[in-house]
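**Student:**
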Amino acid sequence: MVRWPASEPASHPCIVMTHARKPLTILLASPRGFCAGVERAIQIVERAIERYGRPVYVRHEIVHNRFVVEGLEAKGAIFVEELDEVPDDRPVVFSAHGVPKAVPAEAARRELVYVDATCPLVSKVHREAERHADSGRTVILIGHAGHPEVVGTMGQLPPGKVLLVEDVAQVATLTVSDPSNLAYATQTTLSVDDTTGIVAALRRRFPEIQGPKMEDICYATTNRQAAVKAIAGQCDALVVIGAPNSSNSMRLVEVATNYGCAKSKLVQRAADMDWEWLGEARRLGITAGASAPELLVDELVTACRERYDVTIEEVRTTEESVVFKLPRQLVA
Ligand code: SF4
13 MVRWPASEPA
23 SHPCIVMTHA
33 RKPLTILLAS
43 PRGFCAGVER
53 AIQIVERAIE
63 RYGRPVYVRH
73 EIVHNRFVVE
83 GLEAKGAIFV
93 EELDEVPDDR
103 PVVFSAHGVP
113 KAVPAEAARR
123 ELVYVDATCP
133 LVSKVHREAE
143 RHADSGRTVI
153 LIGHAGHPEV
163 VGTMGQLPPG
173 KVLLVEDVAQ
183 VATLTVSDPS
193 NLAYATQTTL
203 SVDDTTGIVA
213 ALRRRFPEIQ
223 GPKMEDICYA
233 TTNRQAAVKA
243 IAGQCDALVV
253 IGAPNSSNSM
263 RLVEVATNYG
273 CAKSKLVQRA
283 ADMDWEWLGE
293 ARRLGITAGA
303 SAPELLVDEL
313 VTACRERYDV
323 TIEEVRTTEE
333 SVVFKLPRQL
343 VA
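Residue numbering for the sequence shown is 13 to 344, as defined by the numbering used here.
(1) For Ala41, does the three-state DSSP call read helix, strand or coil?
(2) With a Cβ-Cβ cutoff of 8 Å, do Leu342 and Val81 count as a contact?
(3) Which term fits Gly291, buried or exposed, when burial requires 16 or more other beta carbons within 10 angstroms of its beta carbon?
(4) Comparing C-alpha positions only, which one of His138, Ala195, Glu227 and Phe91 sits nearest to Ser147?
(5) For the alpha helix (DSSP H) containing Ile61, name the first residue and the last one.
(6) Drop a sphere of 10 angstroms on the beta-carbon of Ile154, count the other beta-carbons inside from all chains shown, and report buried for 16 or more, exposed for fewer.
(7) Run the proximity test for Gly49: is its beta-carbon closer than 7 Å to any non-hydrogen atom belonging to the ligand SF4?
(8) Taking only the alpha-carbon atoms, compute the straight-line gap between Tyr231 and Tyr64 and give it to the nearest angstrom.
(9) Which whole-angstrom value is the C-beta distance of Val75 and Ser303, which I expect to be below 8 Å?
(10) DSSP beta-bridge partners for Leu296?
(11) Could you work out which residue in Arg139, Leu169, Leu176 and Ala141 is closest to Ala11 when comparing CA atoms only?
(12) Within the continuous alpha helix (DSSP H) that includes Leu84, where are the two ends?
(13) In terms of residues, what are the limits of the alpha helix (DSSP H) holding Asp9?
(14) Unbroken beta strand (DSSP E) runs of length 3 or more, entirely within the segment 194-257: which are they?
(15) Classify Arg71 as buried or exposed, calling it buried when 16 or more other Cβ atoms lie within 10 Å of its own Cβ.
(16) Would you mind giving the Cβ-Cβ distance between Leu169 and Glu140, rounded to the nearest angstrom? I have them listed as a contact below 8 Å.
(17) In the DSSP output, what is Glu325 paired with across the bridge?
(18) Is any heavy atom of the ligand SF4 found at a distance shorter than 7 Å from the C-beta of Asn77?
(19) Quick check on this structure: which residue in Gly245, Arg216 and Leu278 has the alpha carbon closest to the alpha carbon of Val251?
(20) Considering only DSSP beta bridges, list what Ile90 is partnered with.
(21) I need the DSSP call for Thr278, collapsed to helix, strand or coil.
(22) State the beta-bridge partners of Ile74 as determined by DSSP.
(23) Using only the alpha-carbon positions, how far apart do Ala86 and Tyr69 sit?
(24) Alpha carbon to alpha carbon, how far is Val313 from Gly245? Give it in angstroms, no decimals.
(25) Can you tell me where the alpha helix (DSSP H) with Leu264 in it begins and where it stops?
(26) Any idea which residues DSSP pairs Val174 with across the strands?
(27) Let me check you understand the geometry: is the CB of Leu133 closer than 7 Å to at least one non-hydrogen atom of the ligand SF4?
(28) Expressed to the nearest angstrom, what Euclidean distance is found between the alpha-carbon atoms of Glu73 and Ala32?
(29) Quick one: is the Cβ of Thr201 within less than 7 Å of any heavy atom of the ligand SF4?
What follows is the structure, given as structure tokens:
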């Protein structure tokens, strides 16, 4: 085989110019990417635009992915942070992360047409929190301060009725009025391992605390973390396609690091990939957060093919078949 620099022309027509590429095995974690709650939220915005015409307002990024948000903007969605930015005569969609009760209440007061795209698995946590509060329990929510889902869940109950803990250390500093009358709930997109530790600390300190049979971490978060655990130890490097404000994507990077792939990072899309960082890695793991479309994975694989002799191995740890119904107002 004759190797030529790419820019150097073959000097004789009989000499075939080849360009040997280094081998790269891509381990594709599966399941990865869109979950049922994200698919549903995107469909809700698209259907709302079809039904009510452009523009349809959306309070908060419908899901945490710029690519998805920009795609919906092109179709006629306008993203705003607060309800007071929505004109009285246009419909508004609430994001998949859920909203405090005050938000639909205000929309109803203003007689806005609104569609709630809260993921049914987040709504389930809302109902749990309400049920505990109705039974007189103080609710301890395990989650990340400021995340829209946490803001939404805390906003299901009056101020002060939900206490937030972010890590094991905070369990020791919690001040509660009645330690025998507590319950916990969790954000749906946490690290399964970290949450297990926090729940254990809560149970040690408050043995009578009530909680869900399984934690509230959703099937999609659990499955994507399990798939990363399965490949991390076999990878020289691992890329999570996702957004920095996507909780479940950030957790996938942590899981990959904790399970044997120290060289793991978040990349929003192929154009952001730092090829120097990849260095001499010969086995690259790829996964995607629950709000990242498969198109972005394809884009990264294509970019790898342009630089390496790529072999793909898909590692599937479970099948997913979850589908959520659309709200009735968009189906009829
Ligand atoms: S990550 Fe889980 S809770 Fe969040 S939208 Fe997807 S299925 Fe629902």
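All C-beta atoms, glycine included, are put in the ideal place defined by N, C-alpha and C.
**Tutor:** Working from what's here:
(1) The residue labelled residue 41 in the question sits at position 29 within the sequence shown. In the three-state DSSP reduction, Ala41 falls in the strand class (E or B).
(2) The residue labelled residue 342 in the question sits at position 330 within the sequence shown. The residue labelled residue 81 in the question sits at position 69 within the sequence shown. Cβ distance not < 8 Å, so Leu342 and Val81 don't count as in contact.
(3) Residue 291 sits at position 279 when you count from the first residue of the sequence shown. Counting Cβ neighbours within 10 Å, Gly291 comes out exposed, since fewer than 16 surround it.
(4) Your numbering for residue 147 matches position 135 in the sequence shown. Of the listed residues, the one whose Cα sits closest to Ser147 is Ala195.
(5) By 1-based counting over the sequence shown, the position of residue 61 is 49. First-last of the alpha helix (DSSP H) with Ile61: Ala48 to Tyr64.
(6) Residue mapping note: residue 154 aligns to position 142 of the sequence shown, counting from 1. Classification of Ile154: buried, given that the 10 Å Cβ count is 16 or more.
(7) Counted from its first residue, the sequence shown places residue 49 at position 37. Gly49 Cβ: within cutoff of the ligand SF4.
(8) On the sequence shown, residue 231 is found 219 positions in, with the first residue counted as 1. On the sequence shown, residue 64 is found 52 positions in, with the first residue counted as 1. For the pair Tyr231 and Tyr64, the Cα-to-Cα distance works out to about 33 Å.
(9) Looking up residue 75 in the sequence shown gives position 63. Looking up residue 303 in the sequence shown gives position 291. About 4 Å separates the two Cβ atoms, so the contact holds.
(10) Counting from 1 along the sequence shown, the entry for residue 296 is found at position 284. Leu296 pairs with Ile38 and Ala249.
(11) Within the shown structure, residues of the chain are numbered from 13 to 344, placing residue 11 beyond reach of any answer.
(12) Counted from its first residue, the sequence shown places residue 84 at position 72. Annotation: the continuous alpha helix (DSSP H) that includes Leu84 extends over Arg78 to Lys87.
(13) The first residue shown for the chain is 13 and the last is 344, placing residue 9 beyond what the model contains.
(14) 194-198 and 249-253
(15) Residue 71 sits at position 59 when you count from the first residue of the sequence shown. It counts as buried.
(16) Counting from 1 along the sequence shown, the entry for residue 169 is found at position 157. Counting from 1 along the sequence shown, the entry for residue 140 is found at position 128. About 11 Å separates the two Cβ atoms, so there is no contact after all.
(17) For the purposes of this step, residue 325 is taken as residue 313 along the sequence shown, with counting starting at 1. BP columns for Glu325 point to Leu39.
(18) In the sequence shown, the residue the question calls residue 77 occupies position 65. No, the ligand SF4 has no heavy atom inside 7 Å of this Cβ.
(19) As a position in the sequence shown, residue 251 is number 239, starting the count at 1. Answer by Cα proximity: Leu278.
(20) Position 78 of the sequence shown, counted from the start, is the residue given in the question as residue 90. Answer by DSSP bridge pairing, in chain order: Tyr69.
(21) Your numbering for residue 278 matches position 266 in the sequence shown. The question names Thr, but residue 278 is Leu in the sequence shown. In this structure, Leu278 counts as strand in the three-state DSSP scheme.
(22) Start at 1 with the first residue of the sequence shown, and residue 74 comes out as number 62. In DSSP, Ile74 forms no bridge with anything.
(23) Taking the sequence shown and counting its residues from 1, one reaches residue 86 at position 74. Taking the sequence shown and counting its residues from 1, one reaches residue 69 at position 57. Cα-Cα distance, rounded: 13 Å.
(24) Within the sequence shown, numbered from 1, the residue matching residue 245 stands at position 233. Within the sequence shown, numbered from 1, the residue matching residue 313 stands at position 301. Computed Cα separation, rounded: 20 Å.
(25) Taking the first residue of the sequence shown as position 1, residue 264 is located at position 252. It spans Ser259 to Asn270 - the alpha helix (DSSP H) in which Leu264 sits, taken as one unbroken run.
(26) Numbered from its first residue, the sequence shown carries residue 174 at position 162. According to DSSP, Val174 bridges with Val151.
(27) Against the sequence shown, residue 133 aligns to sequence position 121. At least one heavy atom of the ligand SF4 is nearer than 7 Å to the Cβ of Leu133, so yes.
(28) Numbered from its first residue, the sequence shown carries residue 73 at position 61. Numbered from its first residue, the sequence shown carries residue 32 at position 20. Taking the straight line joining both Cα atoms gives about 44 Å.
(29) Here residue 201 refers to the residue found at position 189 when the sequence shown is read from its first residue. It does: the Cβ of Thr201 is within 7 Å (strictly closer) of some heavy atom of the ligand SF4.
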